[in-house]
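Sequential numbering from 630 applies to the sequence shown in the numbering used here.
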Amino acid sequence: TLRVFANDSTSSSTSLAYLFVVDRTAPAILGTERTPETVYNNDTALFSINSSDINLNTSKIFLEANFTGSWSNYTMTQESTNRFNFSVSGSTNLTNQRSIGYRFHAFDLAGNVNSSALFNFTVQNRVPTNLNITLPFNNSVLEVGNSTTFRSTATDLDNDNLTYTWLFGNGHNVTGNAGTAQNASFQ
Numbered sequence: 630t631l632r633v634f635a636n637d638s639t640s641s642s643t644s645l646a647y648l649f650v651v652d653r654t655a656p657a658i659l660g661t662e663r664t665p666e667t668v669y670n671n672d673t674a675l676f677s678i679n680s681s682d683i684n685l686n687t688s689k690i691f692l693e694a695n696f697t698g699s700w701s702n703y704t705m706t707q708e709s710t711n712r713f714n715f716s717v718s719g720s721t722n723l724t725n726q727r728s729i730g731y732r733f734h735a736f737d738l739a740g741n742v743n744s745s746a747l748f749n750f751t752v753q754n755r756v757p758t759n760l761n762i763t764l765p766f767n768n769s770v771l772e773v774g775n776s777t778t779f780r781s782t783a784t785d786l787d788n789d790n791l792t793y794t795w796l797f798g799n800g801h802n803v804t805g806n807a808g809t810a811q812n813a814s815f816q
């Protein structure tokens, strides 16, 4: 309790008392989560924490991360009394094969702060899928000495540029990007 007195020259006085608490305890950070466990560049990653304090400043709960290569603070959204979330998506924020570091910060109204440990994950790459040879047709008969066009297609869910390599089995190979090796000719 803080009491203030005021006296004048005739010894008249008045007083006022204020009760306050000195808060030196930082907020608790509990239950840190990131989903999904395996993150790809076209996912939405959800970061969540539980934070509690009798004087929690719910507008100052941050996720600090280096999604773009530089560290930045992102304000988390209060989902319930003590639960806070932040979501991020897109290949700009979740660049394929980038290592992402992050941690959480919680402030109370007295300015006390608690920071979590530093966590990290790597945005994973997926192998190309749906590889097909579209020319020549399966079981085609090819004549020696004639020029034959070979064509293939594949899908990459991470939107990586694909390199195609044709191994003809006689020591002759063709390798290149989708424009050159996707359509290969061999005689």
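Here a beta-carbon is modelled for each residue, glycine too, at the ideal position from N, C-alpha and C.
Computed from a prediction, not measured in an experiment: that's the story for all the values here.
Annotation for Ala655: no beta strand (DSSP E) segment contains it, and DSSP assigns it neither H nor E.
If you compare the alpha carbons of Thr654, Thr630, Val650 and Gly774 with that of Ser644, the shortest gap goes to Thr630. Here Gly800 is not bridged, per DSSP, to any residue. Counted as a single uninterrupted DSSP element, the beta strand (DSSP E) harbouring Ala694 occupies residues Leu685 to Ala694. Between Arg727 and Val752, the CB-CB gap stays under 8 Å. Leu631: member of the beta strand (DSSP E) spanning Leu631 to Asn636, first to last residue.
A direct Cα-to-Cα measurement between Ser641 and Gly740 gives close to 39 Å. Using a C-beta cut-off of 8 Å, the region 776-784 makes no contact with the region 718-735, since fewer than three inter-stretch Cβ pairs fall below that distance. A distance below 6 Å between beta-carbons, with the five flanking residues on each side excluded, links Asp682 to the following residues of its chain, in chain order: Pro656 and Asp737. Residue environment for Phe696: buried (at least 16 other C-beta atoms within 10 angstroms of its C-beta). For Thr763 and Asn679, the gap between their C-alpha atoms comes out near 53 Å.
About 21 Å separates the beta carbon of Leu791 from that of Pro765, a gap too long to meet the 8 Å contact definition. In this structure, Ser677 places its C-beta atom within 8 Å of the C-beta atom of Asn714.
Collapsing the DSSP output to three states places Ser716 in a strand. Judged by DSSP in its simplified three-state form, Asn702 adopts strand.
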